Amino acid sequence: MQDTHLFTGTVMDNIRYGRLNATDDECIAAAKLANAHDFIKRLPEGYDTILTGGGSNLSQGQRQLLAIARAAVVNPPALILDEATSSIDMRTEVHVQEGMDALMKGRTTFVIAHRLSTVRNADCIMVLEQGHIIERGNHDELIAQKGRYYQLYTGNAISE
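Numbering (UniProt numbering), first residue to last: 1 to 160.
Below is the structure:
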């Protein structure tokens, strides 16, 4: 989700792009799951607000929430999320993370992240270094190991 692609059209159209035969109610349910419904309702025309220029009239966080809603309306069995919170501020990250957590519930998800807060609640975290898995476990297990993940998470990483 590093690059969120939105199209000229309404907010509803942009969510529905995930599954073209989705009903309005399904799109609204997806927006609620993605934590996007409240900001959408505050837009001038709500779900009928026209997005232009790739959604330039929205913040990066709002664009990412719409992308999460679009994925939610598809209801895929598996997801791959690439740097989903990399280009947003910490306050917005909370809303995006809540939407992502709801979207990931009950499905296989691969999350590529440098912001470790993005993967903190994952069942299994794999730490890669130079293309190799060097650590594996959940957050608590990796913190207890006091290895590379611990160093990165606590900000005690040593430059090599």
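Each residue gets a CB set at the ideal place from its N, CA and C atoms; glycine is no exception. Since the structure is predicted, the reported quantities are computational estimates derived from the model, not experimental observations.
Rounded C-alpha distance that separates residue i from residue j
i, j, result
"E129", "L43", "43 Å"
"Y17", "I143", "40 Å"
"V127", "S117", "14 Å"
"Y153", "M90", "16 Å"
"H132", "P77", "26 Å"
"D110", "G61", "Residue identity differs from the one stated: residue 110 is Phe in this sequence, not Asp. Distance between the alpha carbons of F110 and G61 is about 20 Å."
"L20", "N75", "13 Å"
Backbone secondary structure at residue i - three-state DSSP
i, result
"F110", "strand"
"E45", "coil"
"V127", "strand"
"L33", "helix"
"L51", "strand"
"V119", "coil"
"G99", "helix"
"R19", "coil"
Range of the contiguous beta strand (DSSP E) that encloses residue i
i, result
"A78", "78–82"
"R136", "132–137"
N-terminal and C-terminal residue of the alpha helix (DSSP H) that residue i is part of
i, result
"L66", "60–74"
"V11", "11–16"
For residue j and residue i, believed in contact at Cβ under 8 Å, the rounded distance
i, j, result
"residue 167", "L66", "The chain is shown only over 1 to 160; residue 167 falls outside these bounds and no answer can be derived."
"G55", "R63", "5 Å"
Can you find at least 3 beta carbon pairs, one from the region 97–114 and one from the region 23–40, that sit closer than 8 Å? yes
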